[in-house]
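Undergrad:
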Amino acid sequence: MGEVVRDAAHEGAKQVRHSVEDVIGDTLGKVQVSTDGHVPPSFPTDAVPFAEGKLLGGGAAPEGAGWVAQVAVPDVAGGFADAQARLEAAGYASSDVASDAQSGYGRFTTDAYSVIVTVSADPGSPVATYVVLPAG
């Protein structure tokens, strides 16, 4: 039984990763994510707290349509739990949250922003990806 649940969770996580990639592509277009350790000046850093880790970079869609940021985290499970805790402490309501040792996914919303967070170790070191969209 445990193996079936684990396999289902892994399959779900794989689908979630593809969904987030689709959201980035559909919403933000062909945004290039920088790897310079900074997010664009327009990124709402005061409203979107990141998990503990090293900021890898970010990108922005034209006209404030959305942003993406990536943070290297120590491990998948802890990185996702930290991201979730920080967003909830900042007033975000969580939904569609799922996580295990290999991946994590959650949607977090306020009146101002909708944030989708994924954490996975594919294809290497654990990375938290934040897709931030204006609410509404």
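The numbers in the sequence shown follow my numbering, run straight up by one, and end at 146.
Where a beta carbon is used, it is the ideal one built from N, C-alpha and C, also for glycine.
If S79 sits next to S52, beta carbons under 8 Å apart, how far is it from one beta carbon to the other, in whole angstroms?
TA: On the sequence shown, residue 79 is found 69 positions in, with the first residue counted as 1. On the sequence shown, residue 52 is found 42 positions in, with the first residue counted as 1. Here residue 79 is Ala; the residue named in the question, Ser, does not match the sequence. At roughly 12 Å, the Cβ-Cβ gap does not stay under 8 Å, so A79 and S52 are not in contact.
Undergrad: Tell me whether D92 is buried or exposed, calling it buried when 16 or more other Cβ atoms sit within 10 Å of its Cβ.
TA: Here the question's residue 92 lines up with position 82 in the sequence shown. D92 is buried by the Cβ-count criterion.
Undergrad: If you count every other CB in all the chains shown that lies within 10 Å of the CB of A138, and 16 or more means buried, which is it?
TA: Counted from its first residue, the sequence shown places residue 138 at position 128. Buried.
Undergrad: Rounding to the nearest angstrom, what Cα-Cα distance links Y115 and A122 in this structure?
TA: Within the sequence shown, numbered from 1, the residue matching residue 115 stands at position 105. Within the sequence shown, numbered from 1, the residue matching residue 122 stands at position 112. Taking the straight line joining both Cα atoms gives about 20 Å.
Undergrad: Give me, in chain order, the residues of the same chain whose beta-carbon lies closer than 6 Å to that of A87; leave out the 5 immediate sequence neighbours on both sides.
TA: As a first step, residue 87 must be located in the sequence shown, where it is residue number 77. Cβ within range, chain order: A111.
Undergrad: Taking only the alpha-carbon atoms, compute the straight-line gap between Y140 and S109 and give it to the nearest angstrom.
TA: Along the sequence shown, one-based indexing puts residue 140 at 130. Along the sequence shown, one-based indexing puts residue 109 at 99. Cα-Cα distance, rounded: 15 Å.
Undergrad: Measure the Cβ-Cβ separation of T120 and G101 and say whether it is below 8 Å.
TA: Numbered from 1 along the sequence shown, position 110 holds the residue referred to as residue 120. Numbered from 1 along the sequence shown, position 91 holds the residue referred to as residue 101. Result yes, Cβ atoms of T120 and G101 sit closer than 8 Å.
Undergrad: Just confirm the distance between the C-beta atoms of V81 and G63, as a whole number of angstroms; I'd bet it's less than 8 Å.
TA: The residue labelled residue 81 in the question sits at position 71 within the sequence shown. The residue labelled residue 63 in the question sits at position 53 within the sequence shown. With 8 Å as the limit, V81 and G63 qualify as a contact, their Cβ atoms being about 4 Å apart.
Undergrad: How is Q112 classed by DSSP in three states: helix, strand or coil?
TA: For the purposes of this step, residue 112 is taken as residue 102 along the sequence shown, with counting starting at 1. In the structure shown, Q112 sits in coil (DSSP, three-state: anything other than H, G, I, E or B).
Undergrad: So, helix, strand or coil for A61, using DSSP?
TA: For the purposes of this step, residue 61 is identified with residue 51 of the sequence shown, where counting begins at 1. Coil at A61, not helix or strand.
Undergrad: Sort out for me which residues DSSP pairs A79 with in a bridge.
TA: Working through the sequence shown from its first residue, we reach residue 79 at position 69. Looking at the DSSP assignment, A79 forms a beta bridge with G68, Y140.
Undergrad: Between which residues of its own chain and L65 is the CB-CB distance below 6 Å, once the five residues before and five after are set aside?
TA: As a first step, residue 65 must be located in the sequence shown, where it is residue number 55. Within the same chain, L65 has close Cβ partners G47, V81.
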